[in-house]
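Protein chains in written order, with full-length UniProt numbering: chain A, 1 to 540; chain B, 1 to 322. Positions of the beta carbon are idealized from the N, C-alpha and C atoms, including for glycine. Bear in mind the structure is a predicted one, so any value in this text is a computation, not a measurement.
Structure representation (structure tokens):
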């Protein structure tokens, strides 16, 4: 009985996959689809003429599941940033054009390249009613700098944080650091209620208490979060919706269904084909939000007998990869080829100008021959979440052109994590993953230095020259564009971690139930960034 | 005295079975590749942070020591704490149990209410060498199509044509009974397809076996109407295999609920355990599997008792165990 059930199931799944994966012609889209923007930098803008109030329901695929709890400073994944950003705020934020904008600091000055003075917005209170003070800001930044947070490294060479009167805070850097303000604009740099944390009346790992637009009313792990509006919120008229329910629905089909039947007003989608599935759905609008997140390929140079110890072999792989094809075929034309500085960010390198971009498959074959690796074969370990399998298949086909045989090993995320990060040296050949790209071109580039990043020390060897170029690009002195170009070229030649294509976010919403605001490009993976602006047209 | 002995025997064998299950599941979750620390701390954690986490949850101790601690806690009624939510697993299971129980009971009800009459009907209507092809095809399909395929299809169709029913949302019965039914009917229907088919098939075979018994022939000879024969002679005598099947079906449905809850996004025990497996949240997986094993064992005991009531020749006091 079981074999029959299994056979039927597999057949049906294959048919369904085949139907979903093709557009009838079998032809891949030729170029990235242009994003429809309603205003510069916006995919959607909430209609503020609509009345405020109502209940807003959204669906996302994953809950925050960190062992570190809900402490914003220790949060290191975008799904957690997204949820925590509903209750916590930072001194500055990122605008639709990636410019740094005021948030809890209404303005700031830079008396010298190493000094920043932030003037705090008056009338800001935490959701318990206590006014936010300069001590909270100073305490929060000092706590972050003293923590084991990943974000501590992104803040750069902070020398001191002090009060400058009762309403200003001064941060002094040891040397100029270009990404400093962008690093302050993400959830881990949120202003926390330090008085309550200090007297231990609040454990930020278990309770959310910030200055943000929403207050947690209820949370059931992996089921839902329920928020109510923070009536003390400093921005007049915000948030618009009275309640916000975030339903956790891991199955994409369930999110699509809830969207179609009106159970949810906005949902994040993972499969690039889901937009086509919703094409005929009345009142459902599907948009693709570009992000600075990007996929990359890891080539393990630290394993015993590594196939990638010779840089010529790695360069051959980099040359043979066709990023444009990965973006078109695996991501439905919605991704963009990128270097280590995420495509879409102002100042990012041009991937077409990288050393590997101007070379051919014949060059790759010659490099392999020179390295004595003509019959190179290796295993590519990937997690099973879409679109990673599709990306891997294009990689497999690309490398086949250069005579490289790739075996794809598809694992569940936990097994994949164990294999890639579980021990040092790691025992995989190659692996596929993605990075959050952040909001400054130099930030994610820092992960190319395993001595700074740490997590990749199990499969990557530090390159002094590359590390120096990355540091120079972030130093805030000299010609930054030139420094970033040099760092991108060096990382391309080193090729231990090869950047591939940006990772788009598909968002669908009920146009008859919701008028949302959405950036066209997002730097911190936060689809709910502008949720306080969203106007509910009708609630269920 | 014999009944007391039977109860003692069953209690002992149940305890041994549960102990065996506990060893197996404890070993299995730790043999899964990818540990808790790698999974939940993500790529950015340092080796020291991973070690600290392992120490906090006792994962750095030998496996048999971890097992001993867990077993002692479970014996004392403590199912442990979720390493993700830090909430007691017992409380979380209790909160999710009503969803799974409602789903499973509805599916069982559908199985019995649809499967038994279908089985009786097809048996009574059966002609030697003729007909029944459509029934066989349908029941064949019913037992062949896995829940995730059928569930995905139903989700797709009903998300476009809701017909008053809902997918992708859950409303507790206490909050709104009508909305609750609208959200649970489809998952229960999907979950019951397999068991309806099996129940119909089993009932049909059991009824056909009874129909050839001499006492049925005698009743026919006496000129009793067909449905009176079915009611008076056939149903009780055919009930034993059907009751046994329904009991084991409940255990099967609990397994199926795991998939169905995931597909329909119902916040039951099944989806809780599925997500816990993905994140290597050991205490949740162990408790979930132990709970399922416990339900299976209790169901078997109840079946034995019920079978004894229906047919004393097979009952516990007759010294035979079904």
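I need the straight-line Cα distance from residue 138 (chain A) to residue 223 (chain A), nearest angstrom please. Going by the C-alpha atoms only, they are around 36 Å apart.
Any C-beta of chain A under 8 Å from that of residue 82 (chain B): Closer than 8 Å: yes.
Starting from the Cα of residue 262 (chain B), find the closest Cα among B:69, B:252, B:253, B:275 and give me that residue. Minimum Cα distance to residue 262 (chain B) is reached at B:275.
With a cut-off of 8 Å, does the C-beta of residue 346 (chain A) fall near any C-beta of chain B? Chain B contact via Cβ: absent.
Beta carbons nearer than 9 Å to chain B: which residues of the stretch 383–400 of chain A have them? Listed by position along the chain: nothing, the set is empty.
Taking 8 Å as the CB-CB cut-off, is residue 289 (chain A) touching chain B? Interface with chain B (8 Å Cβ-Cβ cutoff): residue 289 (chain A) is excluded.
Is DSSP giving residue 375 (chain A) helix, strand or coil here? Residue 375 (chain A) carries a coil assignment under DSSP once its states are collapsed to helix, strand and coil.
Taking contact to mean 3 or more Cβ pairs, one atom from each stretch, closer than 8 Å, check whether the stretch 361–373 of chain A and the stretch 391–405 of chain A are in contact. Yes, the stretch 361–373 of chain A is in contact with the stretch 391–405 of chain A.
Proximity below 8 Å, CB of residue 241 (chain A) to CB of residue 527 (chain A): No, they are not a contact pair.
Please confirm whether residue 42 (chain B) and residue 415 (chain A) have their CB atoms less than 8 Å apart. Between residue 42 (chain B) and residue 415 (chain A), the gap from beta carbon to beta carbon reaches 8 Å or more.
How would you call residue 276 (chain A), buried or exposed, if buried means at least 16 neighbouring beta carbons within 10 angstroms? Exposed: under 16 other Cβ atoms inside 10 Å.
Report, in whole angstroms, the separation of the C-beta atoms of residue 520 (chain A) and residue 43 (chain A), which I expect to be a contact under 8 Å. About 5 Å; that satisfies the 8 Å criterion.
Candidates A:489, A:326, A:225, of which the one nearest residue 500 (chain A) by Cα: Check the Cα spacing between residue 500 (chain A) and each of A:489, A:326, A:225: the tightest is with A:326.
Could you please give the first and the last residue of the uninterrupted beta strand (DSSP E) stretch that includes residue 434 (chain A)? It spans 430–435 - the beta strand (DSSP E) in which residue 434 (chain A) sits, taken as one unbroken run.
Please classify residue 306 (chain B): does DSSP put it in a helix, a strand, or coil? Of the three classes helix, strand and coil, the one that applies to residue 306 (chain B) here is helix, per DSSP.
State yes or no: is the beta carbon of residue 111 (chain B) nearer than 8 Å to at least one beta carbon in chain A? Judged by the 8 Å Cβ criterion, residue 111 (chain B) is not in contact with chain A.
So within the stretch 198–241 of chain B, which uninterrupted beta strand (DSSP E) runs reach at least 3 residues, ignoring any that extend past its ends? Within the stretch 198–241 of chain B, no complete beta strand (DSSP E) run reaches 3 residues.
Sub-8 Å separation of residue 168 (chain A) and residue 134 (chain A) beta-carbons: Between residue 168 (chain A) and residue 134 (chain A), the C-beta spacing is below 8 Å.
Contacts around residue 209 (chain B), its chain only, beta-carbon distance under 8 Å, and the 5 residues preceding and following it disregarded: Answer for residue 209 (chain B): 238, listed in chain order.
Please confirm whether residue 455 (chain A) has its beta-carbon closer than 8 Å to some beta-carbon of chain B. Residue 455 (chain A) counts as touching chain B.
Secondary structure at residue 193 (chain A), three-state DSSP: helix, strand or coil? Coil at residue 193 (chain A), not helix or strand.
Assumed close pair residue 211 (chain A), residue 89 (chain A) - CB separation to whole angstroms, cut-off 8 Å: The Cβ separation is near 5 Å, so the contact holds.
Residue span of the beta strand (DSSP E) that contains residue 398 (chain A), given as start and end: Run containing residue 398 (chain A): none in the beta strand (DSSP E); it sits in the alpha helix (DSSP H), 388–401.
DSSP on residue 217 (chain A), reduced to helix/strand/coil? DSSP places residue 217 (chain A) in strand when its eight states are reduced to three.
Using the beta-carbon of each residue, which ones in chain B are nearer than 9 Å to residue 419 (chain A)? Result: 33, 34, 38.
May I ask which residues mark the beginning and end of the alpha helix (DSSP H) holding residue 49 (chain B)? 47–56 is the span of the alpha helix (DSSP H), which, as asked, contains residue 49 (chain B).
Is any beta-carbon of chain A found at less than 8 Å from that of residue 262 (chain B)? Under the 8 Å criterion on CB atoms, residue 262 (chain B) is classed as interfacial with respect to chain A.
Could you run through the stretch 57–85 of chain B and flag, in chain order, every residue whose CB is less than 9 Å away from some CB of chain A? Listed by position along the chain: 57, 82, 83, 84, 85.
Does the beta carbon of residue 187 (chain B) come closer than 8 Å to any beta carbon on chain A? Not a single CB atom of chain A sits nearer than 8 Å to the CB of residue 187 (chain B).
What does a CB cutoff of less than 6 Å around residue 393 (chain A) pick up in its chain, not counting 5 residues either side in sequence? Listed in chain order, the non-local C-beta contacts of residue 393 (chain A) below 6 Å within the same chain number zero, local neighbours out to five positions each way being set aside.
C-beta atoms of residue 273 (chain B) and residue 258 (chain B) nearer than 8 Å: The answer is yes: Cβ separation under 8 Å.
Could you check whether the Cβ of residue 265 (chain B) sits closer than 8 Å to any Cβ belonging to chain A? True, the Cβ-Cβ gap to chain A drops below 8 Å.
Separation of residue 71 (chain B) from residue 20 (chain B), as counted between CA atoms: Going by the C-alpha atoms only, they are around 12 Å apart.
Do you know how far the Cα of residue 208 (chain A) is from the Cα of residue 522 (chain A)? Between the alpha carbons of residue 522 (chain A) and residue 208 (chain A) lies a distance of about 24 Å.
DSSP state of residue 467 (chain A) mapped onto helix, strand, coil: Reduced to three states, the DSSP call for residue 467 (chain A) is helix.
At the 8 Å Cβ level, is residue 444 (chain A) part of the contact set with chain B, yes or no? Interface flag for residue 444 (chain A) against chain B is unset, since no Cβ pair is found closer than 8 Å.
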